[in-house]
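Notes to accompany the following structure.
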Amino acid sequence: EPEVTQTPSHQVTQMGQEVILRCVPISNHLYFYWYRQILGQKVEFLVSFYNNEISEKSEIFDDQFSVERPDGSNFTLKIRSTKLEDSAMYFCASSGRGRLTNTEAFFGQGTRLTVV
Amino acid sequence: GEDVEQSLFLSVREGDSSVINCTYTDSSSTYLYWYKQEPGAGLQLLTYIFSNMDMKQDQRLTVLLNKKDKHLSLRIADTQTGDSAIYFCAESASGNTPLVFGKGTRLSVIA
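Residue numbers (my numbering), protein chains in the order written: chain P, 79 to 194; chain F, 1255 to 1365.
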């Protein structure tokens, strides 16, 4: 079965440092997403990406965050200057071109980001 | 804003039925979903229901939707140890809009 792969599985970074979370979506998918879950909290939508641009973003996705599809296969989330409250599990997802993209979305196993 | 609530823990004996409950606030929710997360794995879509349906059955899984009370449930028949996981309820206003998740219910199955 196809899968979305995220690396690393766990990242520890110092406050104020930049961090890049990487995702390899399913190869023929067109829609890409980042969600996050702070420990003990709900899974929250961050951003969706289609046709090389952001299609929707939440209030959480401020200027500290950016996404990129640098080489046609990877999909990255960059946090420019990490804060303690950025510590969370970050999930990448991708979806095909169907009408109901949510029902076709595959999620990665997540990257646990710990900011110290 | 939209909110999805679910209980955090559920423990059942192997062979019994599990019922995981969820409530949501957004009356414009069109799609409601159940995801499963096993340890070390991503969120896996188990099933979803469109808001004009009351029930959907898929093998051991039964989803019930009470739109008036904004209540969704997932029943797992003949629960097995392999069903031990975290189950997330989610909703979206359409099939393409961002998912709004609950915190997840950790299901423990006792042999």
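All residues carry an ideal CB built from backbone N, CA and C; glycine is no exception.
Nothing here was measured: the structure is a model prediction, and the numbers come from that model.
{"Item": "Give me the residue from T1335/F, V1363/F, L1318/F, Q1334/F with the minimum Cα distance to T1277/F.", "Value": "L1318/F"}
{"Item": "Would DSSP call L1264/F helix, strand or coil?", "Value": "strand"}
{"Item": "Does any C-beta atom of chain P lie closer than 8 Å to the C-beta of L1264/F?", "Value": "no"}
{"Item": "Under DSSP, the beta strand (DSSP E) around M1309/F begins and ends at which residues?", "Value": "1309-1312"}
{"Item": "Considering only residues of the same chain and omitting the five flanking positions on each side of S136/P, which have a CB-CB separation below 8 Å?", "Value": "E122, F123, L124, V125"}
{"Item": "Shorter than 8 Å from the beta carbon of E134/P to some beta carbon of chain F?", "Value": "yes"}
{"Item": "If we cut at 8 Å on Cβ distances, does K181/P have a partner in chain F?", "Value": "Note that residue 181/P corresponds to Thr in the displayed sequence, not to Lys. Yes, because at least one Cβ of chain F sits closer than 8 Å to the Cβ of T181/P."}
{"Item": "Exposed or buried, which one is F185/P when buried takes at least 16 other CB atoms within 10 Å?", "Value": "buried"}
{"Item": "Does any CB atom of chain F fall closer than 8 Å to the CB of S126/P?", "Value": "yes"}
{"Item": "Name the chain C residues that come within less than 7 Å of A1339/F, Cβ to Cβ?", "Value": "Of the chains in the structure shown, none is chain C; the protein chains are P and F."}
{"Item": "Kindly identify the DSSP beta-bridge partner or partners of S172/P.", "Value": "F110/P, F184/P"}
{"Item": "Checking contacts by CB at 8 Å: is L1361/F closer than that to chain P?", "Value": "no"}
{"Item": "Compare the C-beta of V145/P with all C-beta atoms of chain F and state if any pair is closer than 8 Å.", "Value": "no"}
{"Item": "List the residues that DSSP assigns as beta-bridge partners of N1275/F.", "Value": "S1327/F"}
{"Item": "I want to see whether chain F comes within less than 8 Å of Q92/P, judged by CB atoms only; does it?", "Value": "no"}
{"Item": "Under a CB-based cut-off of 8 Å, is L1297/F close to chain P?", "Value": "yes"}
{"Item": "Would you verify that the beta carbon of Q142/P is, or is not, closer than 8 Å to some beta carbon of chain F?", "Value": "no"}
{"Item": "Does V82/P come within less than 8 Å of chain F when only Cβ atoms are used?", "Value": "yes"}
{"Item": "What in chain F is Cβ-close to L178/P, meaning under 9 Å?", "Value": "Y1285, Y1302, S1348, G1349, N1350"}
{"Item": "Under 8 Å between C-beta atoms, does V121/P make it to chain F?", "Value": "yes"}
{"Item": "Taking the alpha carbon of F1263/F as the point to measure from, which residue in S1346/F, F1342/F, N1350/F, L1353/F has its own alpha carbon closest?", "Value": "F1342/F"}
{"Item": "Hey, F153/P and P103/P are a contact pair by Cβ (cut 8 Å); roughly how many whole angstroms apart?", "Value": "5 Å"}
{"Item": "Should G150/P be labelled buried (16 or more other beta-carbon atoms within 10 Å of its own) or exposed?", "Value": "exposed"}
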